[in-house]
């Protein structure tokens, strides 16, 4: 029996081979090992990037908004509460010393005299108000 896999001596009849041939498996594993050894250095190339550094700082507290409204008759309102003549300068001095200093929003009727608006702005500047703006409504 030449094709039995036991050599040329056919005198003894033996049982079939019951072991797995490991040599082809070892060959495949060695080929894969060589491939990984060659390709591994190629995967380690990295691109250098200069990333921005983040710093965590507390966000500044939003200041209070003080609204001064002036109607066409010249009456003034502090956050929609009516004021008497001369009270504006006193209230502006009180809010000017607060931390953070409130923002001053001036809303005026379109028929309000410019002189009255200029007096309000001058009082705010004299009191030390730093942020002042005008609020208008679109037509």
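In my numbering, the protein residues as written are 1371 to 1509.
We put the CB at the ideal spot given by N, CA and C, even for glycine.
Of the candidates 1480, 1494, 1389, 1480 places its Cα closest to the Cα of residue 1440. Here the alpha carbon of residue 1455 sits roughly 13 Å from the alpha carbon of residue 1443. Excluding residues up to 5 positions away in sequence, 1439 lie with their Cβ nearer than 6 Å to the Cβ of residue 1447 in the same chain.
Residue pairing by DSSP places residue 1474 opposite 1436, 1502 in a beta bridge. Residue state for residue 1451 is assigned as strand, using DSSP reduced to three classes. The C-beta distance from residue 1471 to residue 1432 rounds to 12 Å, too long to fall under 8 Å, and the pair is not in contact.
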